[in-house]
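Participant:
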Amino acid sequence: EQERLMAFKDKKAQTKDGHQVEVAGNMGNLKDVDPILANGGEGVGLFRSEFLYMDRSDLPTEEEQFEVYKKATQKMGDKPLVIRTLDVGGDKELPYLDFPDEMNPFLGYRAIRVCLERDDIFKPQLRALLRAGVYGNIKIMFPMISSLDELLKAKAKIEEVKAELKEEGIKYNEEIDVGMMIEVPSAVMIADKLAKEVDFFSIGTNDLIQYTVAVDRMNEQIAEMHTPYHPAVLRLIKKTIDAGHAEDIWVGMCGEAAGEELLLPFLLGAGLNEFSMSAVSILKIKEVLTKWTVAEAEKESEKVLELGTAAEVKEYLRKIAK
Ligand code: PEP
Ligand code: MG
39 EQERLMAFKD KKAQTKDGHQ VEVAGNMGNL KDVDPILANG GEGVGLFRSE FLYMDRSDLP
99 TEEEQFEVYK KATQKMGDKP LVIRTLDVGG DKELPYLDFP DEMNPFLGYR AIRVCLERDD
159 IFKPQLRALL RAGVYGNIKI MFPMISSLDE LLKAKAKIEE VKAELKEEGI KYNEEIDVGM
219 MIEVPSAVMI ADKLAKEVDF FSIGTNDLIQ YTVAVDRMNE QIAEMHTPYH PAVLRLIKKT
279 IDAGHAEDIW VGMCGEAAGE ELLLPFLLGA GLNEFSMSAV SILKIKEVLT KWTVAEAEKE
339 SEKVLELGTA AEVKEYLRKI AK
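For the sequence shown, the positions run 39 to 360 when my numbering is used.
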């Protein structure tokens, strides 16, 4: 099988009828770039930057971050590299930041909420990203956006940092793309407003499912309920894609669901433009893509959106799988 799949390594990700999408990889550490490229990844759809902040006793400096982002983008060449700003809190703790204990960490002080309050954390990262953006195709992505205000504040922070870099005479990428994750249901409901303010959306199904179905993504006892096949989740995905396309921005997915073979006809038919997953799934997804035409997938997508339960959705997708 591996031999058959390797045939897709250097081929563009496209459907049977030649419609192109991007199949990309998710990464945490610099060394993760290699398996993504070795498996035919066309970009990085999610660089979880928090890994730079873990297993150490203090915040990484701007310079340290700059070096890592620069190396990563140089390795990727002109392929897109979406770097997510720090997504700390929830399941990702940083002991040295010494945040207060919370009743509900996943609903608490995390990610963009922390960054917007802490210039000492956010600004060095934004500076490093803007500077590294000179060396390749880096795109900045904000996690956990739940309102338009947060997005506008985060964007304003980028402008502030750009002005400072300019003032200091330091080179940076003025044209860098800025996008956001869609992983909170409130963001889906106002996606039409958010889409006017960003260059792209990337759907984070891991958290989107957790917040939509009210099911802790870490709790094994209810792990079965944490499923992308829930019709509510599928409808939120569709709504996000439509809202993005109405404003002519691309919509990707970097949650685990993007690498699920069974879901591919649904996501393709719903109009998803970019699929970002762990490196090991890339070739398989590229292969499955070639078995579908857009028209076929669209028809199936509409049917799936009419189903009432996750079990029905899964059964239906199994039946039509090629
Ligand atoms: C997600 O929530 O789907 C996602 C991709 O981000 P993370 O898993 O890092 O929270
Ligand atoms: Mg997330």
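Glycine included, C-beta positions come from ideal geometry on N, C-alpha and C.
What residue ranges within the region 225–258 form continuous alpha helix (DSSP H) runs of no fewer than 4 residues, ordered along the chain?
Facilitator: Listed in chain order, they are 229–233, 243–251.
Participant: Just to confirm, is the Cβ distance from M179 to M219 under 8 Å?
Facilitator: Yes, the pair counts as a contact, with Cβ atoms nearer than the cut-off.
Participant: Residues in the same chain with beta-carbon distance under 7 Å from S185, minus the five sequence neighbours each way, listed in chain order, please.
Facilitator: Excluding sequence neighbours, S185 sits near S224.
Participant: Examine ligand 1 and report whether any of its heavy atoms sits within less than 7 Å of the Cβ of L274.
Facilitator: No.
Participant: Who are F313's beta bridge partners in DSSP?
Facilitator: V61, M291, per the DSSP bridge assignment.
Participant: Closer than 8 Å by C-beta to G346: which residues in its own chain qualify, once you throw out the five before and the five after it? Chain order, please.
Facilitator: So the list reads P269, once near-sequence residues are dropped.
Participant: Which residues bound the beta strand (DSSP E) around M86?
Facilitator: Looking at the sequence shown, residue 86 is not Met but Arg. Run containing R86: 82–86, per the beta strand (DSSP E) assignment.
Participant: Can you grab the Cα-Cα spacing for the pair Y147 / G127, in whole Å?
Facilitator: Y147 and G127: Cα-Cα distance of roughly 7 Å.
Participant: So, helix, strand or coil for F364, using DSSP?
Facilitator: Because the chain spans 39 through 360 in this model, residue 364 falls outside it and cannot be assessed.
Participant: Out of Y173, L124, F137, which has the shortest C-alpha to C-alpha gap to P162?
Facilitator: Closest option to P162, Cα to Cα, is L124.
Participant: Can you have a look at N211 and say buried or exposed, based on whether 16 or more other CB atoms are within 10 angstroms of its CB?
Facilitator: With 16 or more Cβ atoms within 10 Å of its Cβ, N211 is classed as buried.
Participant: By how many angstroms is the C-alpha of V82 removed from the C-alpha of I320?
Facilitator: Their Cα atoms are separated by approximately 11 Å.
Participant: Which residues mark the beginning and the end of the beta strand (DSSP E) in which P34 is found?
Facilitator: Because the chain in this structure spans residues 39 to 360, residue 34 falls outside the shown range and cannot be described.
Participant: Taking 7 Å as the cut-off, does the CB of I245 come closer than this to any heavy atom belonging to ligand 1?
Facilitator: Correcting the residue type first, residue 245 is Asp in the shown sequence and not Ile. Yes; taking the cut-off as 7 Å, the Cβ of D245 has a heavy atom of ligand 1 nearer than that.
Participant: Per DSSP, what kind of secondary structure is K195 in: helix, strand or coil?
Facilitator: Three-state DSSP puts K195 in a helix.
Participant: In this structure, does DSSP put I220 in helix, strand or coil?
Facilitator: Residue state, collapsed to three classes: strand.
Participant: Taking only three categories from DSSP, how would you classify G146?
Facilitator: G146: coil per DSSP, three-state reduction.
Participant: Measure the CB-CB distance between G293 and T331 and report whether it falls below 8 Å.
Facilitator: Contact flag unset, no.
Participant: According to DSSP, which residues form a beta bridge with D362?
Facilitator: The question about residue 362 has no answer, for the chain in this structure spans 39 to 360.
Participant: What residues are listed by DSSP as bridge partners for N175?
Facilitator: Partner(s): P118.
Participant: Contact criterion: CB-CB distance below 8 Å. Does K177 meet it with respect to chain D?
Facilitator: No chain D appears in the structure shown, which is made up of a single protein chain.
Participant: Under the rule that 16 or more other beta-carbon atoms within 10 Å means buried, what is N311, buried or exposed?
Facilitator: Answer is buried; the Cβ neighbour count reaches 16.
Participant: Taking G307 as part of the alpha helix (DSSP H), name the residues at either end of that continuous run.
Facilitator: Run containing G307: 302–308, per the alpha helix (DSSP H) assignment.
Participant: Look at L305 and M291 and say whether their C-beta atoms are less than 8 Å apart.
Facilitator: Closer than 8 Å, so yes.
Participant: Near Y107, which residues of its chain fall below 7 Å by C-beta distance, leaving aside the five closest residues on each side in sequence?
Facilitator: So the qualifying residues of the chain are I121, A166, L167, A170, I176.
Participant: For A51, which residues of its own chain have a beta-carbon under 7 Å away from its beta-carbon, when the five flanking residues on both sides are left out?
Facilitator: Counting only Cβ-Cβ distances below 7 Å, and skipping sequence neighbours, we find Q58, V59, E60, V61, E80, K324, L327.
Participant: Would the beta-carbon of K60 be found less than 7 Å away from any heavy atom of ligand 1?
Facilitator: First, the amino acid is wrong: residue 60 is Glu here, not Lys. For ligand 1, not one heavy atom lies less than 7 Å from the Cβ of E60.
Participant: On the premise that A233 lies in contact with A281, defined as a C-beta separation below 8 Å, what is that separation, rounded to the nearest angstrom?
Facilitator: With a Cβ gap of about 5 Å, A281 and A233 count as contacting.
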